[in-house]
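**Student:**
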Amino acid sequence: MASRVHQPQENAEFEFILARADVPVLAYFHGVWPKAAAACKEMDPLVREVADTYQGRLIVVRADIARCPGPVRRYGVTGAPSFVLIDRGEATAIANGPMSRTALGEFLDAHFAYPALHAQPKHGHTGGDLHG
1 MASRVHQPQE NAEFEFILAR ADVPVLAYFH GVWPKAAAAC KEMDPLVREV
51 ADTYQGRLIV VRADIARCPG PVRRYGVTGA PSFVLIDRGE ATAIANGPMS
101 RTALGEFLDA HFAYPALHAQ PKHGHTGGDL HG
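Counted the way UniProt numbering counts, the sequence shown spans residues 1 to 132.
1) Grouping DSSP H, G and I as helix and E and B as strand, with all else coil, what is Asp22?
2) Would you kindly report the start and end of the unbroken beta strand (DSSP E) that includes Arg48?
3) Considering only DSSP beta bridges, list what Leu85 is partnered with.
4) Taking three-plus beta-carbon pairs below 8 Å as touching, is the region 101-113 in contact with the region 59-67?
5) Quick check on this structure: which residue in Ala95, Pro71 and Pro34 has the alpha carbon closest to the alpha carbon of Glu13?
6) Roughly how many angstroms separate the alpha carbons of Ala95 and Ala19, rounded to a whole number?
7) Alpha carbon to alpha carbon, how far is residue 134 from Ala63?
8) Identify the continuous beta strand (DSSP E) that holds Arg62 and give its terminal residues.
9) Out of curiosity, what's the CA-to-CA distance linking Val60 and Trp33?
10) Since His6 sits in a beta bridge, which residues does DSSP pair it with?
11) State the DSSP-derived secondary structure class of Arg74, mapped to helix, strand or coil.
12) What distance in whole Å lies between the Cβ atoms of Val84 and Leu58, which are believed to be in contact at a cut-off of 8 Å?
13) So Gly105 is in the alpha helix (DSSP H); what residue range does that whole segment cover?
14) Under 8 Å by Cβ, that's how I've got Gly31 and Ala37 pegged, so tell me the actual separation to the nearest angstrom.
See the structure below:
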């Protein structure tokens, strides 16, 4: 299965993805220095899960802080891992630090136009589990 997570290698590629986005974008900023690497490695599977769960409703971008310093400055990212929910180029929500599956799901629920898919069906709604 092809990855649904975009991984821009530079500022221009990140901006290209944003410019073409017709749905909100979740930008996940990661780092490779020792203090960030372990936490970011733990977040990677959850980020892929978000991309799968929200396919067609959310674009997920995994950006290296060192390779994409423009968006880091633009959105005020101060460390890794960090998450920025972007709609039409503007940040609508920012979260810093590693998150559990539940916390990431709640972050998206609180700020995303379409509620996340929940483990427990509500009013006949069924879907994947991002909370857990």
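Positions of the beta carbon are idealized from the N, C-alpha and C atoms, including for glycine.
**Tutor:** Reading off the structure:
1) coil
2) Here Arg48 belongs to no beta strand (DSSP E); instead the alpha helix (DSSP H) covers Pro34 to Thr53.
3) Leu26 and Ala93
4) no
5) Pro71
6) 22 Å
7) Here the chain comprises residues numbered 1 to 132, so residue 134 is not present and cannot be evaluated.
8) Ile59 to Asp64
9) 22 Å
10) Val61
11) helix
12) Between Val84 and Leu58 the Cβ distance is about 13 Å, and since that is not below 8 Å, they are no contact.
13) Arg101 to His111
14) 7 Å
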